[in-house]
Every structure is written in C-alpha cells, then in structure tokens.
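What follows is a set of notes on a single structure, which appears directly below.
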Amino acid sequence: MPCGGPAFMHGGHLQLDYDGDSANIEIPYRYPESEALPIMAEAYRIGRMVEEECGLEGYDYEVKQPVRTGDIDVAAARLGGIARWAQETLT
26 MPCGGPAFMH
36 GGHLQLDYDG
46 DSANIEIPYR
56 YPESEALPIM
66 AEAYRIGRMV
76 EEECGLEGYD
86 YEVKQPVRTG
96 DIDVAAARLG
106 GIARWAQETL
116 T
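Numbering (the numbering used here), first residue to last: 26 to 116.
Take a look at the structure:
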C-alpha cells in the first residue's frame, strides 16, 4: 500500500484520509449494535496497515485506545451505540 493520496473510500462504509503526516478514518453512524463489529474490525485492520506501511501510530479517540493493541469489541460497542442513538433521535 503506497503512503500517499488524500482519501480512500473502502466499500462505501469508511473513508481513510491521509496527508503524509497523519491519517484519519471516518465511519458514518449507520451501523447500529452488532452491525458495527465488522465495520470496526475492517477499520482497525486498515489502521494497522497504515501504521505498518507509513510508520504512523494509530489511536482511536472515541474509546481512548491505541489501534495496534485496542479492543475492537469496545470500539464496535461505541460505534453501535452512537449509531443506534443517531437513528432513533435524528431520523
């Protein structure tokens, strides 16, 4: 994976923005409850690839844990809960 390019959309469910010095993965809040687990697993897998290939250290600010050693279940529970709230409250 080359370390370049401004953005990468993966399967329509997450976006990786990379600017040479930092990277950011964004995921829309449309994956409630158990639907969030495969999305977060993919996000963490891509985050770990960016760490390896680009020499960056990933951190998930939503759940305050490093990407390399973080608990995907914790991250998925956070995303799933926010998504459920957003769908119930904002739609």
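Glycine included, C-beta positions come from ideal geometry on N, C-alpha and C. Bear in mind the structure is a predicted one, so any value in this text is a computation, not a measurement.
For the segment 34 to 109, the full-length alpha helix (DSSP H) segments reaching 4 residues or more read 61 to 79 along the chain. Selection Glu60, Ala102, Asp46 and Ile71 evaluated against glutamine 40 yields Ile71 as nearest (Cα-Cα). In the pairwise beta carbon analysis, the segment 47 to 58 is classified as touching the segment 101 to 114: at least three pairs are separated by under 8 Å. Across the set Tyr86, Arg103 and Leu81, the C-alpha of Arg103 shows the shortest separation from the C-alpha of isoleucine 64.
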